[in-house]
Amino acid sequence: MSERSEPGLVPSPGDPGVPGGPASGGRAKRAGRGWRALAGDARIGALLLIVIVGAAVAAPLISPFPPNQIHQDAIFSGPTWPYLLGTDELGRDLLSRLLYGARLSLIVAGGAVLLAMVLGTVWGLAAGLFGRWVDAVLMRLVDGLLAIPQFLLALLLVAALGSSVPLLIVIIGLLNAPVVARLARSALLDEMSKDYAVAVAGTGARPIRLVWREFLPNVAPPLMVQAALVGAYAILTEAGLSFLGLGVEPPRASLGSLLLQGYQNLYNSQLYAVWPGLVIVAVVWSLNVLGDRLQEVFDPRGRR
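Taking the UniProt record's numbering, I'd label the letters of the sequence shown as residues 1 to 304.
Set out below in structure tokens:
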């Protein structure tokens with residue numbers, strides 16, 4: 001006698017919420033599609049970024065020593081146990097300082113990206129939405145800020161205001177906001193010219209509600225690409241300012257300050273400057289290739 005399950009009593013693999021069903025497998029499928037969308041260099045870049053960010057976040061747990069602990073008997077030691085990357089001019093462990101330095105640089109870059117994206121998006125959407133004199137004033141301000149080399153302006157602001165971590169985040173974020181604003185405005189105007197936007201605008205909904213519910217989701221993809229590029233620029237800006245002695249103040253370490261100290265002690269330790277330089281190159285390259293790949297995914301027509 002064959003057994004048959006009655007409908008509704010025994011779940012089948014196709015039912016939502018059942019292992020193997022559409023609800024439980026949806027997230028895994030989306031994650032799989034997202035990973036498959038990253039091909040070649042983008043996968044390598046994503047893995048590099050995950051490793052570096054993970055190591056920086058876990059720095060208090062995995063660093064062999066406190067970053068400022070001095071070992072007077074191991075000054076300028078080469079890569080040996082227990083100093084896997086060697087030591088600096090005070091006998092501080094370079095691996096520990098590199099982990100904490102990457103952590104601080106990523107905090108500055110992450111905060112700057114968040115500020116630039118939020119401020120720039122609001123700035124650009126306001127210009128595109130209200131138009132007329134509001135658009136003219138806001139975009140002339142963008143043009144004026146972009147006319148000045150960003151790194152030069154950062155140098156002037158840091159020299160005048162100081163170089164605390166919160167201030168670095170604000171300065172780098174503000175300098176990148178105009179680029180985001182111009183992109184957000186352009187993307188919004190492009191969306192507003194489409195047929196669906198004209199139809200939605202005819203419903204009489206409030207403009208801010210239209211932007212939030214209808215336009216912003218369609219404007220988000222190019223902004224995500226720009227966020228990756230802003231992150232790369234923020235890392236380079238922090239490193240450049242610190243290398244010139246205008247960034248993070250000692251004894252705190254950042255990638256730029258470690259690079260400066262390595263350059264100053266190049267004759268005593270040739271590998272000193274190599275490690276922070278490699279991390280900077282890896283992070284910037286990873287963000288650039290991820291940005292390029294996101295551009296290809298979001299705009300297939302732009303592929304060559």
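A virtual CB, placed ideally from N, CA and C, is assigned to each residue, including glycine.
{"query": "If you draw a straight line from the C-alpha of L246 to the C-alpha of M224, how long is it?", "result": "30 Å"}
{"query": "Please report the straight-line C-alpha distance between R213 and A102, rounded to a whole angstrom.", "result": "37 Å"}
{"query": "Just to confirm, is the Cβ distance from A282 to L48 under 8 Å?", "result": "yes"}
{"query": "Taking just the CA atoms, how far does L189 sit from S286?", "result": "31 Å"}
{"query": "Taking the straight line between their C-alpha atoms, what separation do you get for G91 and H71?", "result": "5 Å"}
{"query": "Less than 8 Å between C-beta atoms, sequence neighbours within five positions excluded: which residues of the same chain meet that for L266?", "result": "Y272, A273"}
{"query": "Which class does D73 belong to by DSSP, given the choice of helix, strand or coil?", "result": "helix"}
{"query": "Tell me whether L259 is buried or exposed, calling it buried when 16 or more other Cβ atoms sit within 10 Å of its Cβ.", "result": "buried"}
{"query": "With a Cβ-Cβ cutoff of 8 Å, do L183 and G231 count as a contact?", "result": "no"}
{"query": "Ignoring anything shorter than 4 residues or poking outside the stretch 206-234, list the alpha helix (DSSP H) runs there in chain order.", "result": "207-210"}
{"query": "In whole angstroms, what separates the C-alpha of L98 from that of L152?", "result": "27 Å"}
{"query": "Taking 8 Å as the limit between beta carbons, can you name the residues of its chain near A159, skipping five residues before and five after?", "result": "L246"}
{"query": "Please determine if the stretch 139-153 and the stretch 77-94 are in contact, where contact requires at least 3 C-beta pairs separated by less than 8 Å.", "result": "no"}
{"query": "If distances are taken between C-alpha atoms only, which option among E191, L241, L210, F76 comes closest to S163?", "result": "L241"}
{"query": "In three-state terms, what does DSSP make of Y267?", "result": "coil"}
{"query": "Taking Cβ positions, are A178 and V142 nearer each other than 8 Å?", "result": "Before going further, note that residue 178 is Pro rather than Ala in the sequence given. Their beta carbons are under 8 Å apart, which means P178 touches V142 by this criterion."}
{"query": "Could you give the first and the last residue of the continuous alpha helix (DSSP H) run that contains Y272?", "result": "Segment: none, Y272 is in no alpha helix (DSSP H) and carries neither H nor E."}
{"query": "Look up D292 in the DSSP assignment and say whether it is helix, strand or coil.", "result": "helix"}
{"query": "Inspect the beta-carbon positions of A181 and A109 and report whether they are closer than 8 Å.", "result": "no"}
{"query": "Which residues in the same chain have their Cβ closer than 6 Å to the Cβ of P251, if we skip the five residues on either side of it in sequence?", "result": "N68"}
{"query": "Short of 6 Å in beta carbon distance, which residues of its chain neighbour S106, apart from the five on each side in sequence? Order them along the chain.", "result": "For the sequence presented, residue 106 should be read as Leu rather than Ser. Here the set comprises A56."}
{"query": "Grab me the residues of A227's own chain with a C-beta within less than 6 Å of its C-beta, minus the 5 sequence neighbours each way, in chain order.", "result": "V113, M117"}
{"query": "Could you check the C-alpha separation between A46 and W275 for me, to the nearest Å?", "result": "20 Å"}
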